[in-house]
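Numbering (the working numbering), first residue to last: 143 to 358.
The structure under discussion appears below in the form of structure tokens.
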């Protein structure tokens, strides 16, 4: 009987662990695309909102996601730890908390230093996205690596995590552009995003205690 109770407890913990990974994949996917939409609000006062601004935003977001996916896969293979993943995600939260305070002087300095507006907006978009989006881009390959220990269908697992993250991205895009931006200021939205990302980071610290095997 004791063995059955123990097995039931472990099964419940595993369900919580897997469920939390998927919830975080959705939430961080939403933040990535929500932040991309928000990026136009940060850049527009300095560089305008034309096709060059959007081209710079989209290309730098994709580059950051590429770097994050590559780095995340390598780090996860070396140390598949929920604690480490939480620390990595917390870095993005820290950047988002700082951004409202550093954006104006940073973009002002770029305007003063770079005469060509296309080059200026590309540099500004790069500096805006490279830290938070790269860090959040680590999540999907890292999450897949953590869950592979409990799944026999690798292809199905990769597909489901990517689908969950993409659904989050769709939600984040619509919520930010249709609801948040018309309702509140860019800096307040950034702070909301920062708290969401921080909550995701803290949840991984909890997971490492709940399911100790994952922190090894």
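From the three backbone atoms N, C-alpha and C, an ideal C-beta is built for every residue, glycine too.
Given the structure is predicted, the values throughout are model-derived calculations rather than measurements.
- Secondary structure at residue 210: helix, using DSSP grouped into helix, strand and coil.
- Of 282, 308, 321, the smallest CA-CA separation from residue 219 is found for 282.
- About 5 Å separates the CB atoms of residue 335 and residue 238; that is less than 8 Å, so the two are in contact.
- Residue 192 carries a coil assignment under DSSP once its states are collapsed to helix, strand and coil.
- Proximity to residue 333 across 173, 155, 163, 164 peaks at 173, based on C-alpha coordinates.
- The Cβ neighbour count for residue 287, taken over all protein chains shown within 10 Å, is at least 16; the residue is labelled buried.
- Around the beta carbon of residue 240, fewer than 16 other beta carbons lie within 10 angstroms, which makes this residue exposed.
- Going by C-alpha positions, residue 225 is about 43 Å away from residue 258.
- In the displayed model, residue 166 falls within a helix according to three-state DSSP.
- Residue 270 is a Cβ neighbour of residue 184, given a cutoff of 8 Å.
- Within 10 angstroms of the beta-carbon of residue 175 lie 16 or more other beta-carbons, which makes it buried.
- Nearest Cα to residue 246 within the set 329, 274, 199, 349: 329.
- At a Cβ-Cβ threshold of 8 Å, residue 231 and residue 339 count as neighbours.
- Here the region 164-172 lies against the region 311-319, with 3 or more beta-carbon pairs under 8 Å apart.
- Straight-line spacing of the CA atoms in residue 155 and residue 345 works out to 14 Å.
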